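The block underneath contains the structure these notes are about, expressed in structure tokens.
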Amino acid sequence: MPATQLGCHTIGSHGIKLARFHLYDWIILIFLAVVYGLSNIIEPFHRFVGRDMLTDVSYPLKGNTVPFWAVPLIAIVLPWVIFGGIYFKNKNVYDLHHGILGILYSVLITAVITDAIKNGVGRPRPDFFWRCFPDGKANFNNVTGDVICHGERSVIKEGYKSFPSGHASAAFAGLGFLAWYLAGKLKAFNREGHIAKLCLVFLPLLVASLVAVSRVDDYWHHWQDVFAGGILGLTVASFCYLQFFPYPFDADAIWPHAHFQQLAESQSNSNAAVALRDTSPMLDSMESGRRL
1372 MPATQLGCHT
1382 IGSHGIKLAR
1392 FHLYDWIILI
1402 FLAVVYGLSN
1412 IIEPFHRFVG
1422 RDMLTDVSYP
1432 LKGNTVPFWA
1442 VPLIAIVLPW
1452 VIFGGIYFKN
1462 KNVYDLHHGI
1472 LGILYSVLIT
1482 AVITDAIKNG
1492 VGRPRPDFFW
1502 RCFPDGKANF
1512 NNVTGDVICH
1522 GERSVIKEGY
1532 KSFPSGHASA
1542 AFAGLGFLAW
1552 YLAGKLKAFN
1562 REGHIAKLCL
1572 VFLPLLVASL
1582 VAVSRVDDYW
1592 HHWQDVFAGG
1602 ILGLTVASFC
1612 YLQFFPYPFD
1622 ADAIWPHAHF
1632 QQLAESQSNS
1642 NAAVALRDTS
1652 PMLDSMESGR
1662 RL
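Going by the numbering used here, the letters in the sequence shown line up with residues 1372 to 1663, in that order.
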């Protein structure tokens, strides 16, 4: 698309109009953030853990290779930097806005679903034994045979949140969205056979995979948790991307739907203005004839 056409779609010229049009989307986004915050307060389901089940949940209690605070930086802020760089080059506020809004929805919807499942399933983490019995002395209910934990309450609470992996789902939600975005911008499927483009498309997915694998290495999650989290995040990312952007193999894949709708509206208004200008002299002549 010519740069002259893109130049009219800046934050200054179309930003306020765009923000007003998507006001309800931003309000619902804030609501999702509140729901996600509240879901972390809820006590998860405490699944039964008997003596014969401790083998699979007695791995060492370790720290996080990828800290919790780093996940938003990887899944949200990093893509935002790329969106911003493309905006400053092409001045397309529709692309910038929909990229930011789309990835926020992708991550937040994924986070809400992930935490809802975590709380409902209550699967013990691989390091659950040391969360439950930090001194290594196991204690069980004489009637039910279930564990009687005497560790720190918040640590035990996290111990029942293994399925699915939040790191994996968030990483794939954000970086999966970015992979779709890059596929469209690079025209990766335009049938020209430049397969090297796919290396850039798959790079975000590689980073997301490494984040997910780190959760198994740190004994915070079973491999099933990570696999399910990755599928969940990538699925939500796909839906959110296609809500705003065409399929990457479409001819118009490089920009969001709203960009082309705005161009069509501008062209229609321009044609109407030209038609009105062309008919004005005729109307003036007819009016003069009536006066005579």
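Backbone N, C-alpha and C fix where the C-beta goes; we use that ideal spot for every residue, glycine too.
Given the structure is predicted, the values throughout are model-derived calculations rather than measurements.
Within 8 Å, strictly: CB atoms of residue i and residue j
i            : j            : result
residue 1533 : residue 1494 : yes
residue 1546 : residue 1446 : yes
residue 1481 : residue 1585 : no
residue 1415 : residue 1590 : no
residue 1472 : residue 1393 : yes
residue 1510 : residue 1521 : yes
residue 1607 : residue 1544 : yes
residue 1380 : residue 1633 : yes
residue 1611 : residue 1548 : yes
residue 1502 : residue 1519 : no
residue 1490 : residue 1413 : yes
residue 1400 : residue 1475 : yes
residue 1517 : residue 1420 : yes
Counted within 10 angstroms of its Cβ, other Cβ atoms place residue i as buried (16 or more) or exposed
i            : result
residue 1438 : exposed
residue 1431 : exposed
residue 1388 : exposed
residue 1383 : exposed
residue 1601 : buried
residue 1409 : exposed
residue 1422 : exposed
residue 1551 : buried
residue 1536 : buried
residue 1496 : buried
residue 1597 : buried
residue 1630 : buried
residue 1566 : exposed
Own chain partners of residue i with C-beta closer than 7 Å, once the 5 adjacent residues on each side are dropped
i            : result
residue 1542 : 1442, 1445, 1446, 1579, 1582, 1583 and 1604
residue 1386 : 1464
residue 1407 : 1479, 1482, 1483 and 1486
residue 1627 : 1465, 1466, 1469, 1615 and 1616
residue 1500 : 1425, 1428 and 1429
8 Å Cβ shell around residue i - same chain, five flanking residues per side excluded
i            : result
residue 1625 : 1372, 1555, 1556 and 1558
residue 1397 : 1390 and 1472
residue 1418 : 1492, 1493, 1494, 1495 and 1531
For residue i, the first and last residue of its enclosing alpha helix (DSSP H)
i            : result
residue 1566 : Per DSSP, residue 1566 belongs to no alpha helix (DSSP H) and is neither H nor E.
residue 1594 : 1594-1615
residue 1558 : From DSSP, residue 1558 is part of no alpha helix (DSSP H); its letter is neither H nor E.
residue 1357 : One cannot answer for residue 1357 here, as it falls past the ends of the chain, which runs 1372 to 1663.
Other residues of its chain near residue i: CB distance less than 6 Å, five sequence neighbours each side excluded
i            : result
residue 1572 : 1550, 1553, 1554 and 1559
Review point. What are the uninterrupted segments assigned as alpha helix (DSSP H) that are 4 or more residues long and contained completely in the region 1396-1478, given in chain order?
Key: 1449-1461
**Study point:** Secondary structure, alpha helix (DSSP H): runs of 4+ residues fully inside the region 1488-1536
**Key:** 1499-1503 and 1524-1530
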